[in-house]
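**Q** Heads up: the sequence lines are chains S and G, in that order. The numbers in this note's numbering rise by one with no breaks, and the one at position 726 of the first sequence is 706. Counting from 1 along the second sequence, just add 514 to a position and that's the residue number in this note's numbering. Cβ coordinates follow ideal geometry from the N, Cα and C atoms, glycine included.
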Amino acid sequence: MSKAPPEIISLYTQDSSALTLKWLGKPLKPKEDYRLVRGRGTFVDDIQLPRMAYMAFLRSPYSHARIKRIDVSRAKSMPGVLLVWTGDDIKRRMRPLPQATPPPARNAIDYPLAVDKVRFQGEPVAMVVAESRYIAEDAVNQIDVDYEPLPAVVDAERALEPGAPLVHEEVGTNLIAHVHYKWGDVDYYFQHADLVVEAKFHYHRFTGAPLETNAVVADYDERADVMTIYCNNQAPMEWLPQLSAGLNMPYPKLRVVTRDIGGGFGTKLINYVYMILAALASKELKRPVKYMETRTENLQAAAHNAERTCTVSAAVRKDGTVLALRMRCVDDDGAYSRHEPAGMTVWAQVSTGMYKIRALENDYYAVFTNKCPSTSIRGFSRAPHLFMIERIMDRIARRLGMDPAEIRMKNLVGPEEMPYMTPSGGIYDSGNWPEGLRRALEAADYWGWRKRQEELRRQGRIIGVGVVVGSDSAGPNMAQVKMYNPGLPYTGGTEGALVQMTPDGKVRVILGSSPQGMGHETTAAQVVADVLDVSYDDIYVQTGFDSFSSVYTMHSGTYGSRFAPIGLSAVYLAAARLKEKLAKIAAYLLKCPEGDVVIENGAARCAKDPQRSMELRRIARIAYGNVNELPPGMEPGLYSLAIFRPPFQNPDENRRANLALTYSYNVHVVVVEIDPETGMPKILSYTALEDSGRIVNPLIVDGQVHGAIAHGVAEALYEKYHYDENGNLLNPTFVDYLVPTALEIPDMKVIHMETPSPFTPTGAKGMGEGGGTAVQAVISAVEDALAPLGGELGESHADPETILRILKGAARGKSEV
Amino acid sequence: MRPAPFEYYAPTSLEEALRLLSEKEGAKLLAGGQSLLALMKLRLLTPTALIDLNRIRELRYIKEEDGWLLIGAMTIYDELEQSPLIRERYPALHEALYRLGDQQVRNRGTIGGSLAHADPSANLPPVMVALKAQMVAARAGGGRRVIQADDFFVDAFTTALEPDKEALVEVRLPPWPRGSGGAYMKLSKREIDFSIVEVAVQMTVGDDGGVKEARVVLGSVAPKPYRAVGAEEVLAGAKVDEGLAARAAEAGTRDLEPPSDVQASSWYRKEVSRVLVKRAILKAYARARGMEQ
């Protein structure tokens, strides 16, 4: 531990010596819940400011069309309408949004309101700000737009064909980026394989469907020349450059605030477009401007995941050893690169999945289509990649007549190999994966189900059992983006925290994150309580993010399962340094050698003479007020600021790098039954084993497991966007976009292992996204049910019709189109 | 999600509501609002005025009269679902109510609102046709007429009610003789969804086990409730077993040409129609014979 005063950039250390393990791991009641369950949260829509005006959008009914003319005169003349803007008005006020893509995709021109052309259905074409939202929407209805519809491109593979309609003419192609990855001697393994198993899979389009949609209140204070933006963005600091450029304001004049956020799941990263528009309007009108997205707007036009289509070949030995993979993948990123094509690199965090696969080649493309722009929906990029690997493992098992659990056991990375380096340079930190698989199989009565499956099949019942292993690789190394654009000045993955003991001996904590229900106030308080050994109830964690007071870096935010590995590490460091300072002051005041000072139960005492002790709150009072008592030369106050920096490096010339800090592990075992006459699937049993390192709060870990399973079941069986060939989204409401209710989510059995990460001071690993394991497990189970009939699923979504078509042999599953 | 401007009236008597309906051009009656308000918020419907029926107490009741069950149009689903009379005498209706929306919807939605809206996928219309229900329509000035359920549903979202004049005020369920039973089945991905296919079956079975009368009605497969007459013919006089039910289902669904939408293709609807009809026949038959609740 450094003895220097708090430094801005701390070097990485695995030192955990400040932990007392008195408060970590306890199921303490989440601090946030007390206000949230009573309806006392503060969400963006709860913010009411004097003279606030309201924004609404006219959105494109076409997926691809030229805007020939917009007539806003009737809308402008309506009473109560304050402002009507089109793309041309925006173009005059800001530069296009910066593009992170390499050339020529970088030539794409992206404004928050469509200029000259619309590129996806639901794209904002004009905006109205009015005295009320009702008036704003009435005025929206009075705007006339003359469109010239253009042929749309909705299929990612066809988008690359010559002659395909161009989403961005100025790019000259629909290709966003292409990267050819090759790690290890793939050709050798394919030459020496006993067999090659090949398949093509599609990971479908869905979203995260948070309870709260995107929202913003922008409040320009003309006197102070400060813009305050209340928003629900998951990572405001990531987008501050966009905001600063769009508004032409320096960071110290731009205050971005989040409070309670009603779920994000990756959907709330690219809502900066709304933030810019509301802020520009607020500056123009010198009034606060609120925008609250409707559910239809959210489903249609906010943020989808990128669809992915991969052909996967596996080089396999007869004994089931998987030697190498060769893949070709295409990501459908939609109409604009607002977050993507990050997904074409992020998958490499888990390049070879959970297995000792020796080599991997992936010919990777990301393309524009006339669909909603995509972002990092829960399980971002790694979930689809692990899907490809887990699906091919099932196919290999079937070809070899092996049990799916056995082939996984055979290929899993073993505990003796940890930390394990993958061919792409990833460093899997810790865990006993085969043991985890064994325990999950036992808890799920896997072998019992296999027996019952046979018996029931003889009675005409169709049962499927799926077993899948996965990881939530967590705490991303943003240098991964250099793999598609080496010029991007964005690397590493850091987070800040401030821990202050206030003069009354209480503790105030300020984070750099912007949580959306992950319980950061709880887990941060537990880490601080654990390090300082003060009461959990005496710790006060500021809700949300505020760029005028939070300790931030450009990575700050809540995404990529990063708070446990990175955010809590910053909290640990700040608390540990505070503890050191408290010990130093105590040593002086108690006349005790510094090494003998013990901080325990809210007091400091001298180990050699327990009579000599002092409550921390007395030390706090001295540190701020009675400062002549402090050791000579010591700086008063008890502020401790830390920024945690993992030892990340840039990818080498062969694109090898460790791209995440921790790798949690999970095993899901699912049993489904299929109605033979209707194809309707029903989950009979769900078991999940989770090893996310040291558990900070088991209530929160279990909640994340439950949520990830619910999302995965939703994606596999209920939630899927359907676009027609003209780019019309056919299900943009909750009537047809089927978010499951509690009735559809099965009972789940969750069991744990706890292998601390050696790479984080708390030993905790990130785990919130869940790695998409539930999607893979449900699909695996459905395919297992269909396999004896020769049925295979080509997609990450299985609806009853697809299943029935396979059962009937009437056609191949429509997912294999 | 804000509706376009509209006038709002909250009459406290039926007569006043009917008078407003005839006077206000482009007005719509507001019952539980579970469909109408959603459509207005999406601005798919922009009525000039709403005439809210929720304060009209005289339209909310369940009562028996000469063996008939009379239901006021503004009676909410939840009240109907809780009714022991309906559960015992009209199990198909009870099941259709139990499987209708979620509790919030059942607390607001009304039988009259649903039937007058005539959504081709709604739970109640096929049940009404299967039960041979009668619809009572009223107009300002005291005029009333009775419309048979078979004639009430004209097309998707279209009923035999005269637009801007008539309101549905009462639903009358006829008594079914001893030896009767019914069943309602619905296939949907989520429990709260509109059905992909639904079927209501009502039948009377003689002491010898032969079917005396059967009505088999499908929903979600046509613009209005679809009488599976072919199935009814196979059932007539027959003793029902698995094989016969399958034959009836086959005959009853042979001519179906269901629509395709984002949830299911025409092919799938037709396939599962056959399955549901077969299962509902078996269940209704068992109930009619007192073999199963």
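#1: Does the beta carbon of S:L62 sit closer than 8 Å to a beta carbon anywhere in chain G?
#2: Hey, how far is the Cα of S:H284 from the Cα of S:G246?
#3: Should G:S709 be labelled buried (16 or more other beta-carbon atoms within 10 Å of its own) or exposed?
#4: Buried or exposed, going by whether 16 or more other CB atoms sit within 10 Å of the CB of S:V151?
#5: Which value, in whole angstroms, describes the spacing of the CA atoms of S:N711 and G:P598?
#6: At the level of alpha carbons, what is the spacing between G:K542 and G:L535?
#7: Quick check on the DSSP output: the alpha helix (DSSP H) that includes S:T642 runs from which residue to which?
#8: Using 10 angstroms around the beta-carbon of G:A778, count the other beta-carbons present and answer buried if the total reaches 16, otherwise exposed.
#9: Is there a Cβ of chain G sitting closer than 8 Å to that of S:P720, yes or no?
#10: Chain S partners of G:Y782, CB-CB under 7 Å?
#11: What do you get for G:R569, buried or exposed, if any count of 16 or more other CB atoms within 10 angstroms of its CB means buried?
#12: Under 8 Å, Cβ to Cβ, is there at least one residue of chain G near S:M35?
#13: Mapping DSSP to helix, strand and coil, what is S:M32?
#14: Name, please, each residue of chain G whose Cβ falls closer than 9 Å to the Cβ of S:M389.
#15: If you draw a straight line from the C-alpha of G:A762 to the C-alpha of S:L146, how long is it?
#16: Any C-beta of chain G sitting closer than 8 Å to the C-beta of S:M660?
#17: Would you say S:D598 reaches chain G, if we count a Cβ-Cβ gap shorter than 8 Å as a contact?
#18: Quick check: the Cα distance between G:S734 and G:K797, rounded to an integer number of angstroms?
#19: If you reduce the DSSP assignment to three classes, tell me which class S:H158 lands in.
#20: Rounded to a whole number of angstroms, what is the C-alpha to C-alpha distance between G:I706 and S:T713?
#21: Taking only beta-carbon positions, decide if G:Q807 is within less than 8 Å of chain S.
#22: Who are the near neighbours of G:P691 in its chain, counting only those whose CB is closer than 6 Å to its CB and skipping five residues on each side?
#23: Please report the straight-line C-alpha distance between S:G244 and S:M272, rounded to a whole angstrom.
#24: Assign S:K788 to buried or exposed, taking buried as 16 or more other Cβ atoms, counted over all protein chains shown, within 10 Å of its Cβ.
#25: If I'm right that S:G774 touches S:K180 with Cβ under 8 Å, what's the distance once you round it to whole angstroms?
#26: Is the Cβ of G:M515 closer than 8 Å to any Cβ of chain S?
#27: Under 8 Å by Cβ, that's how I've got S:Y464 and S:A88 pegged, so tell me the actual separation to the nearest angstrom.
#28: Looking at S:V511: is its Cβ nearer than 8 Å to the Cβ of S:A556?
#29: If we call anything under 8 Å between Cβ atoms a contact, is G:Y522 one with G:D566?
#30: For S:S(-10), collect the residues of the same chain with a Cβ closer than 8 Å to its Cβ; drop the 5 residues on either side in sequence, then sort them by chain order.
#31: Any beta-carbon of chain G closer than 8 Å to the one on S:T274?
#32: What beta strand (DSSP E) runs, 3 residues minimum, are completely inside the region 201 to 247 of chain S?
#33: By DSSP, does S:E695 sit in helix, in strand, or in coil?
#34: According to DSSP, simplified to helix, strand and coil, what is S:W163?
#35: List the residues of chain C that G:P519 touches, going by C-beta distances under 9 Å, in chain order.
#36: Using a beta-carbon distance cut-off of less than 8 Å, what residues from the region 700 to 716 of chain S approach chain G?
**A** On the basis of the coordinates in this document:
#1: As a first step, residue 62 of chain S is located in the first sequence; it is residue number 82 there, counting from the start. Taking Cβ atoms only, chain G never reaches closer than 8 Å to S:L62, which makes this a no.
#2: Along the first sequence, one-based indexing puts residue 284 of chain S at 304. Along the first sequence, one-based indexing puts residue 246 of chain S at 266. In this structure, the alpha-carbon of S:H284 lies about 9 Å from that of S:G246.
#3: Position 195 of the second sequence holds residue 709 of chain G. Label assigned to G:S709: buried.
#4: Indexing the first sequence from 1 puts residue 151 of chain S at position 171. Within a 10 Å sphere around the beta-carbon of S:V151 sit 16 or more other beta-carbons, which makes this residue buried.
#5: Translated into positions along the first sequence, residue 711 of chain S becomes position 731. Translated into positions along the second sequence, residue 598 of chain G becomes position 84. Computed Cα separation, rounded: 38 Å.
#6: Indexing the second sequence from 1 puts residue 542 of chain G at position 28. Indexing the second sequence from 1 puts residue 535 of chain G at position 21. Approximately 7 Å between the Cα atoms of the pair.
#7: One-based indexing of the first sequence puts residue 642 of chain S at position 662. Membership of S:T642 in any alpha helix (DSSP H) is not indicated; the residue belongs instead to the beta strand (DSSP E) covering 640 to 643.
#8: If you number the second sequence from 1, residue 778 of chain G lands on position 264. Around the beta-carbon of G:A778, 16 or more other beta-carbon atoms lie within 10 Å, marking it buried.
#9: Counting from 1 along the first sequence, the entry for residue 720 of chain S is found at position 740. Closer than 8 Å: yes.
#10: Residue 782 of chain G sits at position 268 when you count from the first residue of the second sequence. Simply E781, L784.
#11: For the purposes of this step, residue 569 of chain G is identified with residue 55 of the second sequence, where counting begins at 1. G:R569 counts as exposed, since fewer than 16 other C-beta atoms from the protein chains shown sit within 10 angstroms of its C-beta.
#12: To locate residue 35 of chain S, count along the first sequence from 1; it is residue 55. So no, S:M35 is outside the interface.
#13: Here residue 32 of chain S refers to the residue found at position 52 of the first sequence. If DSSP states are grouped into helix, strand and coil, S:M32 belongs with coil.
#14: Numbered from 1 along the first sequence, position 409 holds the residue referred to as residue 389 of chain S. Contact of S:M389 with chain G by beta-carbon distance below 9 Å is absent, the smallest such distance being about 35 Å.
#15: In the second sequence, residue 762 of chain G corresponds to position 248, counting from 1. In the first sequence, residue 146 of chain S corresponds to position 166, counting from 1. Each residue's Cα considered, the two are about 54 Å apart.
#16: In the first sequence, counting from the first residue as 1, residue 660 of chain S sits at position 680. Proximity of S:M660 to chain G, defined by a Cβ-Cβ separation below 8 Å, is satisfied.
#17: Taking the first sequence and counting its residues from 1, one reaches residue 598 of chain S at position 618. The sequence shown places Arg at residue 598 of chain S, rather than the Asp named in the question. Among the residues facing chain G, S:R598 is not included, as its CB has no counterpart in that chain under 8 Å away.
#18: The residue you call residue 734 of chain G lines up with position 220 of the second sequence. The residue you call residue 797 of chain G lines up with position 283 of the second sequence. Rounded to the nearest angstrom, the two C-alpha atoms are 20 Å apart.
#19: Residue mapping note: residue 158 of chain S aligns to position 178 of the first sequence, counting from 1. The answer is strand: DSSP assigns S:H158 an E or B state.
#20: Translated into the one-based positions of the second sequence, residue 706 of chain G becomes position 192. Translated into the one-based positions of the first sequence, residue 713 of chain S becomes position 733. For G:I706 and S:T713, the gap between their C-alpha atoms comes out near 14 Å.
#21: By 1-based counting over the second sequence, the position of residue 807 of chain G is 293. Here G:Q807 scores only 48 on pLDDT, less than 50, and its place in the model should not be relied on; the value that follows carries that caveat. No, no contact with chain S.
#22: Walking along the second sequence from the start, residue 691 of chain G turns up at place 177. Closer than 6 Å at Cβ, skipping near neighbours: T718.
#23: The sequence position of residue 244 of chain S within the first sequence is 264, counting from 1. The sequence position of residue 272 of chain S within the first sequence is 292, counting from 1. In a straight line, the C-alpha of S:G244 is about 15 Å away from that of S:M272.
#24: Taking the first sequence and counting its residues from 1, the one referred to as residue 788 of chain S is at position 808. Its Cβ having fewer than 16 others within 10 Å, S:K788 is exposed.
#25: Working through the first sequence from its first residue, we reach residue 774 of chain S at position 794. Working through the first sequence from its first residue, we reach residue 180 of chain S at position 200. With 8 Å as the limit, S:G774 and S:K180 qualify as a contact, their Cβ atoms being about 7 Å apart.
#26: Stepping through the second sequence from its first residue, residue 515 of chain G is reached at position 1. Yes, G:M515 lies at the interface with chain S (some Cβ there is under 8 Å from its Cβ).
#27: On the first sequence, residue 464 of chain S is found 484 positions in, with the first residue counted as 1. On the first sequence, residue 88 of chain S is found 108 positions in, with the first residue counted as 1. No, S:Y464 and S:A88 are not in contact; Cβ-Cβ is about 15 Å, not under 8 Å.
#28: One-based indexing of the first sequence puts residue 511 of chain S at position 531. One-based indexing of the first sequence puts residue 556 of chain S at position 576. Contact: yes.
#29: By one-based count along the second sequence, residue 522 of chain G stands at place 8. By one-based count along the second sequence, residue 566 of chain G stands at place 52. Taking 8 Å as the cut-off, the Cβ atoms of G:Y522 and G:D566 count as close.
#30: Counting from one through the first sequence, the residue named residue -10 of chain S turns up at place 10. Because S:S(-10) sits at a pLDDT of 35, beneath the cut-off of 50, its placement in the model cannot be relied upon, and the following sentence gives the value as read from the coordinates. Setting aside the 5 residues that flank it on each side, S:S(-10) is surrounded in the same chain by S(-18), L553, A622, I623, F624, R625, each with a C-beta closer than 8 Å to its C-beta; the list follows chain order.
#31: For the purposes of this step, residue 274 of chain S is identified with residue 294 of the first sequence, where counting begins at 1. At least one chain G Cβ lies under 8 Å of S:T274.
#32: Complete beta strand (DSSP E) runs here, min 3: 206 to 211, 234 to 237.
#33: For the purposes of this step, residue 695 of chain S is taken as residue 715 along the first sequence, with counting starting at 1. Residue state, collapsed to three classes: helix.
#34: Position 183 of the first sequence, counted from the first residue, corresponds to residue 163 of chain S. Strand at S:W163.
#35: The displayed structure is made up of protein chains S and G, and chain C is not among them.
#36: Only H702, L710, N711, T713, V715, D716 from the region 700 to 716 of chain S bring a Cβ to less than 8 Å from some Cβ of chain G.
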